[in-house]
Amino acid sequence: MSRLNSLKELEARRREIIAADKEKTAAVAVCCGTGCSASGARDVAAEFERLITEKGLAVRVRTRITGCHGFCEQGPLVVVEEAGSRPEHSTSLNDSNARPAGGESGPGGLLYCRVKPEDAEEILETSVLNDGVVEHLLYKDPVTGEKFRSENDVPFYAHQSRMLMGYNGRIDPGRIEDYLTAGGYGGLAQVLGGSMPPEDVIKEIEISGLRGRGGGGYPTGSKWDLCRRVEGEIRYVVCNADEGDPGCFQDRSILEGNPHLVLEGMIIAAYAVGAYEGYIYVRAEYPLALKQVATALEQAYEWGLLGDNILGSDLSFRVRISRGGGAFVCGEETALLSSIEGLTGEPNPRPRPPYPTSIGLWGFPTLINNVKTLAAVPDIIKKGGAWHASTGTDTSKGTMIFSLTGRVNNTGLVEVPMGMSLRELIFDVGGGIPGGRKFKAVQTGGPAGGCLPAEMLDLPLDYERLSEAGSIMGSGGMIVMDESTCMVDVARYFLSFTVDESCGKCTPCREGGRQMLALLDKFVHGTALEGGLNMLFELAATMQSSSLCALGKLAPNPVLTTLRYFEDEYRSHFEQWRCPAGVCRPLISYTIDAEACTACGRCLEACLAGALTGVEDEVPELDDQLCTKCGACRDVCRFSAILVG
Amino acid sequence: MVRITIDGLDFEVPKGTTVLEAARRNGFEIPTLCYHEALEPIGSCRLCLVELGGGEKGEVVSSCTHPVEKDGLVVYTESPAVLQARKMNLSLLLARCPGVKCLQDLAYSWWVDSTALPVLGDYEKECILCGRCVRVCREAIGKEAISFTFRGVDRQVLPPFKQQPDDCIGCTACAYVCPTGAVKVTEEEGRRFIAPWKSDLPLYFCDSCEAPVTTIENSASLEEKIQETGLPPGSMRPSFKTGEREPEGTGSDPEINADEEMLCPRCRRRRVTESIARLPREKQDRSWIKARQGYK
Ligand SMILES: Cc1cc2nc3c(=O)[nH]c(=O)nc-3n(C[C@H](O)[C@H](O)[C@H](O)COP(=O)(O)O)c2cc1C
Ligand code: SF4
Ligand code: FES
Chain A
-9 MSRLNSLKEL
1 EARRREIIAA
11 DKEKTAAVAV
21 CCGTGCSASG
31 ARDVAAEFER
41 LITEKGLAVR
51 VRTRITGCHG
61 FCEQGPLVVV
71 EEAGSRPEHS
81 TSLNDSNARP
91 AGGESGPGGL
101 LYCRVKPEDA
111 EEILETSVLN
121 DGVVEHLLYK
131 DPVTGEKFRS
141 ENDVPFYAHQ
151 SRMLMGYNGR
161 IDPGRIEDYL
171 TAGGYGGLAQ
181 VLGGSMPPED
191 VIKEIEISGL
201 RGRGGGGYPT
211 GSKWDLCRRV
221 EGEIRYVVCN
231 ADEGDPGCFQ
241 DRSILEGNPH
251 LVLEGMIIAA
261 YAVGAYEGYI
271 YVRAEYPLAL
281 KQVATALEQA
291 YEWGLLGDNI
301 LGSDLSFRVR
311 ISRGGGAFVC
321 GEETALLSSI
331 EGLTGEPNPR
341 PRPPYPTSIG
351 LWGFPTLINN
361 VKTLAAVPDI
371 IKKGGAWHAS
381 TGTDTSKGTM
391 IFSLTGRVNN
401 TGLVEVPMGM
411 SLRELIFDVG
421 GGIPGGRKFK
431 AVQTGGPAGG
441 CLPAEMLDLP
451 LDYERLSEAG
461 SIMGSGGMIV
471 MDESTCMVDV
481 ARYFLSFTVD
491 ESCGKCTPCR
501 EGGRQMLALL
511 DKFVHGTALE
521 GGLNMLFELA
531 ATMQSSSLCA
541 LGKLAPNPVL
551 TTLRYFEDEY
561 RSHFEQWRCP
571 AGVCRPLISY
581 TIDAEACTAC
591 GRCLEACLAG
601 ALTGVEDEVP
611 ELDDQLCTKC
621 GACRDVCRFS
631 AILVG
Chain B
220 MVRITIDGLD
230 FEVPKGTTVL
240 EAARRNGFEI
250 PTLCYHEALE
260 PIGSCRLCLV
270 ELGGGEKGEV
280 VSSCTHPVEK
290 DGLVVYTESP
300 AVLQARKMNL
310 SLLLARCPGV
320 KCLQDLAYSW
330 WVDSTALPVL
340 GDYEKECILC
350 GRCVRVCREA
360 IGKEAISFTF
370 RGVDRQVLPP
380 FKQQPDDCIG
390 CTACAYVCPT
400 GAVKVTEEEG
410 RRFIAPWKSD
420 LPLYFCDSCE
430 APVTTIENSA
440 SLEEKIQETG
450 LPPGSMRPSF
460 KTGEREPEGT
470 GSDPEINADE
480 EMLCPRCRRR
490 RVTESIARLP
500 REKQDRSWIK
510 ARQGYK
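Quick mapping for you: the protein sequence lines, in order, are chains A and B.
Quick note, the first sequence lines up with residues -9 to 635 if you use the working numbering.
Quick note, the second sequence lines up with residues 220 to 515 if you use the working numbering.
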């Protein structure tokens, strides 16, 4: 494809692509995000392509390999759309509403879950060539058993507001053409059109109320303004795609599913702050994201959307990829900059101010933004800051993508408006707790976030409310726990992650973290003393106040919040030597309920430690000395006769 | 000059000095471990904490890395939050290296109970990871024989691949700046050993008094460095030339054709004095003396 030298040419190209696609009246979108690929989506996509070629349908039907739709648990996902339902036809550069059918607009296609390659033929015959529905592949509510046809009716999607993720299902990330037909690079065209000087762009971002999605929540408009105001010729824009929180894959999904969205955001940011060079810092463990970003960069250079004189304007901007080695702390901005510079990825003790916006990469002013922050930019430009600000709470605007995991029915990536309550998120979007168990707590903000109890379920998701409650928004981790979880064990688990990931530079985080961990071990073993609680607070206070970077400052959060909301549970670990949730092995023992036991003998086979002995038709005997409390017997018992206490 | 208020007293300090320097210069006592006046501060031990008051509310920062940039900075060197964190950090370091003298001394003077926390390190270990050795090697000597390796509690100072570092010249600057004595230097049978880095380098001996002087690599490196300062070549070389020197100002190297003797600094000084004193004044080579006068 040739270079585009003006905005007119961009518009013409967009029309060309739409016209070329006119013939295709239906589309089959196969999600090949990392989650669906792991459950075999690539084979499904290949089968569709083979069938379509074989049947000579290529003129009418197109297969689209898309990025993550968020509902990975039900993958591989296949969406069948009809051309009429696609918004391309109304799309033009001036149409500020140009956007793909996301969760909140457009009818959405037929959603098929857990599709196998052998289902491809049936789907083609029934739903693509005819108007039928393949019933057995529809999503079925695990609780009510109700079936849903369209993507937008599924409760998981119905409560979401997919401003960023909505694009993923409609775009083949390897095709810049798809992004263009979805209105892509419209924001860039608008700022380059001459009517928006950089100050206006920044103003618009300020109006939008967008705040950093990387965890800190710093107002993005002010950050851009700070960077722009620093004197000097050289500035950098860095996209932080390090995403180290375990279980989080929002940034990854956006980069894998729609890399041009982030790229467009970066180019607009470069225009606004006056940068000529940028870096995308992606961790090397994300091979697909790296590949898609590399492809997107190549296409953008080829089309003249990157490089010198972008779209014939005065703006020149180059983007390079920097691979991260996968250390959690490298997501911290000063560590990230060290890592890009080729030094050890350790936080620098630069007192702040100056922030990286004035002294950053190689000493030059540097704008660092998270993937989601940058991805929100193009639509803010297209639709205006006020549009973005109309969603959310007083202080937190727009949407936030959470990675919902743990003991909920629907796990996956969910994008909801700021201000939604935890209850709505967990029970409406997440579909509640499986197995009829009770909700106990939710950890928000990743391992350095806080654990909130059931009393906090009505808390609106908002930067300020969360930090008042002792937690953080972080990068959107959301781990739901039910009553079978021991809060001491959970705090210990999260802390062990941050202790492992600490860079070890400063005393409070390195030594304080391991002291705290050792103390929590005592609780778990029932050997803690009353003073242990106090010591936990003291250690936490030291880490919070004197650690060098936010990793150490935030690391005590899970311990502090569990202490705040579940102190009784800590106490019973050392006062009664009892783990109320029945988790901490040193404090529990197994017994057999002779009433419930039917002497079926299943547990005898399951026990690998040889702790259970018994003869036919008799309640087995349990040897406490040999029992390793692995729980295998409890898992196989069909009569709930194994008691833990 | 900018104004700063330390514990309620007002001072004027040059712009850009760190809070630590400003406080120490005016008689306030702030303990430090990773700070060294010859090195770039890294703020890792977290003992030099102070609390910033006034504008920035109640933030605890490391004074060794915090510059005084503008008027009106208010700092407290012994606020409750500072003392709490400082003492705890000291306890934490003691729990890592209970046997280290400088930590025990600090604990004594700051009323820290050195048994407050269980020992999680071991009694043998003496490295508190202040990184002074790493920095002196890189910043002052211009070598990179050692660096930090591994992460978290596994962090250690090591030479590359735990092998004798090619970069090491045996200058022992690392041992000199180490506050705990973790860097052990021994000299045996004409070689110098720096234990933690596995360095093993030959020494040279003074031709006159036969005392061991330093490693050959170190004297070569010193010579290189001294040339950058503008002193005449050979000024810092341990050798002393016994041959006739060419008159000053001819630009030729006076050392050529000279019989070389390897001398220790003391013997060298003695020989210089003797040789100068023996000659009539107009024949004396005063180039070193002149060059030294111009060099601060
Ligand atoms: C330990 C630690 C890890 C972090 N990890 C990430 C990360 O993975 N991704 C990210 O965008 N920001 C991360 N941050 C936040 C960044 O330092 C920085 O605030 C952010 O990239 C700024 O972008 P924003 O303003 O768009 O949020 C991390 C911070 C800390 C202290
Ligand atoms: S707080 Fe932890 S991660 Fe941050 S610099 Fe200190 S040791 Fe490293
Ligand atoms: S002396 Fe300032 S942190 Fe160590």
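Even glycine gets a Cβ: it sits at the ideal position worked out from N, Cα and C.
Cross-chain neighbours of B:C264 in chain A, by beta carbon under 7 Å: If you number the second sequence from 1, residue 264 of chain B lands on position 45. Within 7 Å Cβ-Cβ: T497.
Exposure label - A:D190; buried when at least 16 CB within 10 Å: Here the question's residue 190 of chain A lines up with position 200 in the first sequence. By the 10 Å Cβ count, A:D190 comes out exposed.
B:M220, buried or exposed, once every other Cβ within 10 Å from all chains shown has been counted against 16: If you number the second sequence from 1, residue 220 of chain B lands on position 1. Looking at its Cβ environment, which holds fewer than 16 other Cβ atoms inside 10 Å, B:M220 is exposed.
Start-to-end residues for the alpha helix (DSSP H) that takes in A:C593: Taking the first residue of the first sequence as 1, we reach residue 593 of chain A at position 603. First-last of the alpha helix (DSSP H) with A:C593: 592 to 596.
Residue span of the beta strand (DSSP E) that contains A:I632, given as start and end: Reading the first sequence from its first residue, position 642 is the one you call residue 632 of chain A. 632 to 634 is the extent of the beta strand (DSSP E) around A:I632.
Contact with chain E by A:C493, beta-carbon distance below 8 Å: The structure shown contains no chain E; the protein chains it does contain are A and B.
CB contact below 8 Å: B:L239 versus chain A: For the purposes of this step, residue 239 of chain B is identified with residue 20 of the second sequence, where counting begins at 1. No - not a single Cβ of chain A is within 8 Å of the one on B:L239.
Boundaries (first-last residue) of the beta strand (DSSP E) holding B:F412: Here residue 412 of chain B is taken as the residue at index 193 of the second sequence, counted from 1. Residues 410 to 413.
Sequence-distant residues of the same chain with beta carbon closer than 7 Å to A:C217, five excluded per side: Counting from one through the first sequence, the residue named residue 217 of chain A turns up at place 227. The residues are R225, V263, T347, P355, L357.
Short CB-CB distance (under 8 Å) between A:T532 and chain B: Locating residue 532 of chain A in the first sequence gives position 542, where the first residue counts as 1. For A:T532, the answer is yes, since a Cβ of chain B falls inside 8 Å of its Cβ.
Local conformation of B:L348 per DSSP, three classes: The residue you call residue 348 of chain B lines up with position 129 of the second sequence. Coil.
Under 7 Å from the C-beta of B:P398: neighbouring residues of chain A: The residue given as residue 398 of chain B occupies position 179 in the second sequence. Within chain A, no residue comes near B:P398; the closest Cβ sits about 14 Å away, beyond 7 Å.
Chain B contact residues for A:S536, given Cβ-Cβ distances below 7 Å: Residue numbering aside, residue 536 of chain A sits at position 546 when the first sequence is read from its first letter. The answer, in chain order, is R265, L268, V279, A304, N308.
Whole-Å CB distance - A:G503 paired with A:L485, under 8 Å assumed: For the purposes of this step, residue 503 of chain A is identified with residue 513 of the first sequence, where counting begins at 1. For the purposes of this step, residue 485 of chain A is identified with residue 495 of the first sequence, where counting begins at 1. A:G503 to A:L485, Cβ: 7 Å. Contact.
Own chain residues within Cβ distance below 6 Å of A:T552, not counting five before or after: Residue mapping note: residue 552 of chain A aligns to position 562 of the first sequence, counting from 1. These residues qualify, in order along the chain: C441, M477, A481.
Residues whose Cβ lies closer than 6 Å to any heavy atom of ligand 2, in chain order: A:V319, A:P337, A:S492, A:C493, A:G494, A:K495, A:C496, A:C499, A:R500, A:S537, A:L538, A:C539, A:L541, A:G542
Run of the alpha helix (DSSP H) containing A:L541, from where it starts to where it stops: In the first sequence, counting from the first residue as 1, residue 541 of chain A sits at position 551. Run containing A:L541: 540 to 544, per the alpha helix (DSSP H) assignment.
Nearest residue (CA-CA) to A:K106, options A:R50, A:V20, A:G122: To locate residue 106 of chain A, count along the first sequence from 1; it is residue 116. Among A:R50, A:V20, A:G122, the Cα nearest to that of A:K106 belongs to A:V20.
Closer than 8 Å to chain A by CB, B:V331: Stepping through the second sequence from its first residue, residue 331 of chain B is reached at position 112. It does not: the Cβ of B:V331 has no partner Cβ on chain A nearer than 8 Å.
Nearest residue (CA-CA) to A:E557, options A:H126, A:L538, A:N524: Within the first sequence, residue 557 of chain A is the residue found at index 567, counting from 1. Nearest C-alpha to A:E557: A:N524.
Beta-carbon proximity check, B:E358 vs B:E443, cutoff 8 Å: As a first step, residue 358 of chain B is located in the second sequence; it is residue number 139 there, counting from the start. As a first step, residue 443 of chain B is located in the second sequence; it is residue number 224 there, counting from the start. For B:E358 and B:E443, no; Cβs fall outside 8 Å.
B:F230 versus B:S281: straight-line alpha-carbon distance, rounded: Position 11 of the second sequence holds residue 230 of chain B. Position 62 of the second sequence holds residue 281 of chain B. So the alpha carbons of these two residues sit roughly 19 Å apart.
Proximity of A:G425 and A:Q433 at Cβ, strictly below 8 Å: One-based indexing of the first sequence puts residue 425 of chain A at position 435. One-based indexing of the first sequence puts residue 433 of chain A at position 443. For A:G425 and A:Q433, no; Cβs fall outside 8 Å.
Which of helix, strand or coil DSSP assigns to B:E256: Residue mapping note: residue 256 of chain B aligns to position 37 of the second sequence, counting from 1. Looking at B:E256 - three-state DSSP - the assignment turns out to be coil, as it is neither helix nor strand.
DSSP beta-bridge partners of B:G272: For the purposes of this step, residue 272 of chain B is identified with residue 53 of the second sequence, where counting begins at 1. The partner list for B:G272 (beta bridge, DSSP) reads B:V293.
A:Q566 versus A:A530, A:H515, A:L538, A:E611, residue with shortest Cα-Cα distance: Here residue 566 of chain A refers to the residue found at position 576 when the first sequence is read from its first residue. The candidate whose alpha carbon is nearest that of A:Q566 is A:H515.
The stretch 266 to 282 of chain A / the stretch 227 to 236 of chain A touching (three or more Cβ pairs under 8 Å): yes
A:I358: CB within 7 Å of a non-hydrogen atom of ligand 1: Residue numbering aside, residue 358 of chain A sits at position 368 when the first sequence is read from its first letter. Within the cutoff, so yes.
Test: A:R5 CB closer than 8 Å to a CB of chain B: Taking the first sequence and counting its residues from 1, one reaches residue 5 of chain A at position 15. So, not an interface residue.
Outcome for A:Q615 when other beta-carbon atoms lying within 10 angstroms are tallied against a minimum of 16: Along the first sequence, read from residue 1 onward, the residue named residue 615 of chain A stands at position 625. By the neighbour-count rule (16 or more Cβ atoms within 10 Å), A:Q615 is not buried but exposed.
Identity of the residues DSSP links to A:E405 by a beta bridge: In the first sequence, residue 405 of chain A corresponds to position 415, counting from 1. Beta-bridge pairing links A:E405 to A:I391.
Length at least 4, wholly inside the stretch 196 to 253 of chain A: the alpha helix (DSSP H) runs in chain order: 210 to 219, 240 to 247
Continuous alpha helix (DSSP H) stretch holding B:P299: start and end: The residue labelled residue 299 of chain B in the question sits at position 80 within the second sequence. 299 to 315 is the extent of the alpha helix (DSSP H) around B:P299.
Given 8 Å, three or more beta-carbon pairs between the stretch 577 to 584 of chain A and the stretch 625 to 633 of chain A: yes
Euclidean distance between Cα positions of B:C483 and B:P431: Here the question's residue 483 of chain B lines up with position 264 in the second sequence. Here the question's residue 431 of chain B lines up with position 212 in the second sequence. Roughly 8 Å separates the two Cα atoms.
Span of the alpha helix (DSSP H), counted from its first residue to its last, around A:D33: As a position in the first sequence, residue 33 of chain A is number 43, starting the count at 1. Taken as a continuous stretch (DSSP letters only), the alpha helix (DSSP H) holding A:D33 covers 31 to 44.
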